[in-house]
Amino acid sequence: MTTVRLPLFPLNSVLFPGLVLPLNVFEERYRAMMRDLLKTSSGGSEASGDPADSDEPRRFAVVAIRDGHEVAPTAPGMPDQAAKTAAEAGPAAGFGDDPVKALHGVGCIADAATIRERADGSFEVLATGTTRVKIHSVDASGAYLTAEVEELPEEAGDEAGALAEGVLRAFRSYQKRLAGARERTLATGAELPDDPSVVSYLVAAAAVLDVPTKQRLLQAPDTASRLRDELKLLRSETAIIRNLPSLPAGDLTRQATSLN
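Be aware that the sequence shown starts at 10, since it is given in this note's numbering, and climbs by one per residue.
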């Protein structure tokens, strides 16, 4: 077993490999993380000259919070004292005495392609999920949480290719029903991937599912198992939408957001 220690960024959502993750970072513990990640820059992009853009990997682990929301206070719009309390919160604030118990056991490595510091010291971050990881331990002794993680291989499993084709068909039907429930027109001509693992992660991220269900898909033992689960979910969700005369668009489009 080979492990590596990475900065840990808990979220109230699930990140999948290949998916883009925009972050608005303002809590001090996560600001410190971004400042340290910027130190891995080799000087930035030659084209832009901006040290916030670099070809050097700036990796951190993203993991979903078990109860589905951060319980630490957030600063924007709060009274001065509350903002001060949030700014001074320790790395494990909101996650209890043993942070690992508040977090799911499987997360995803994120590579921050862009980290830009704003005038107020907060950060605008754009990262991409790369590889699933198992969280072995969490350390709260520094300025922010770090975790000892083990990369998880993506095994294809049995009949992944055939399952991916079925999932794509079910996903197209689901999209059409979802667009109809939203009274919107579904864009046509969009190219969908044909690699089974990419299909499995794209559908897991795009479907309107709760965090526990998305987490279950993330930690599936192999691609085929994930696709089988998605096929059942898509058929079930499509049937529900078809049988509802009117579904509020807000319920369909509700997505978790991070205020870290």
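Beta carbons are placed, not taken as given, at the ideal position from N, Cα and C, and that holds for glycine.
Cβ neighbour criterion (16 or more within 10 Å) applied to residue i
{"i": "T155", "result": "buried"}
{"i": "R251", "result": "exposed"}
{"i": "R186", "result": "buried"}
{"i": "S206", "result": "buried"}
{"i": "L17", "result": "buried"}
{"i": "I249", "result": "exposed"}
{"i": "R178", "result": "exposed"}
{"i": "V23", "result": "buried"}
{"i": "E239", "result": "buried"}
{"i": "M10", "result": "exposed"}
{"i": "K110", "result": "exposed"}
{"i": "S209", "result": "buried"}
{"i": "K223", "result": "buried"}
{"i": "R271", "result": "Residue 271 falls outside the range modelled here, since the chain spans only 10 to 269, and no answer is possible."}
8 angstroms Cβ cutoff met for residue i and residue j
{"i": "L135", "j": "P31", "result": "yes"}
{"i": "D107", "j": "A165", "result": "no"}
{"i": "E159", "j": "V176", "result": "no"}
{"i": "L172", "j": "A233", "result": "yes"}
{"i": "D72", "j": "A119", "result": "A small correction: the amino acid at residue 72 is Val; Asp does not occupy that position in the sequence shown. Taking 8 angstroms as the Cβ cut-off, V72 and A119 do not qualify as a contacting pair."}
{"i": "F25", "j": "A213", "result": "yes"}
{"i": "R235", "j": "L243", "result": "no"}
{"i": "G116", "j": "I144", "result": "yes"}
{"i": "A152", "j": "R67", "result": "no"}
Where residue i sits in the DSSP three-state scheme
{"i": "F180", "result": "helix"}
{"i": "V71", "result": "strand"}
{"i": "E126", "result": "strand"}
{"i": "S206", "result": "helix"}
{"i": "S234", "result": "helix"}
{"i": "L112", "result": "strand"}
{"i": "G170", "result": "helix"}
{"i": "V217", "result": "coil"}
{"i": "A229", "result": "coil"}
{"i": "E239", "result": "helix"}
{"i": "E246", "result": "helix"}
{"i": "D188", "result": "Checking the sequence, you will find Ala at residue 188 rather than Asp. In this structure, A188 counts as helix in the three-state DSSP scheme."}
{"i": "L161", "result": "coil"}
{"i": "T94", "result": "At T94 the pLDDT is 48, less than 50, meaning the model places this residue with poor confidence and gives no usable figure here."}
{"i": "L154", "result": "coil"}
{"i": "G175", "result": "helix"}
Report the start-end ranges of each beta strand (DSSP E) in the segment 12 to 58 that is 3 residues or longer and not cut off at the edges. 13 to 20, 29 to 34
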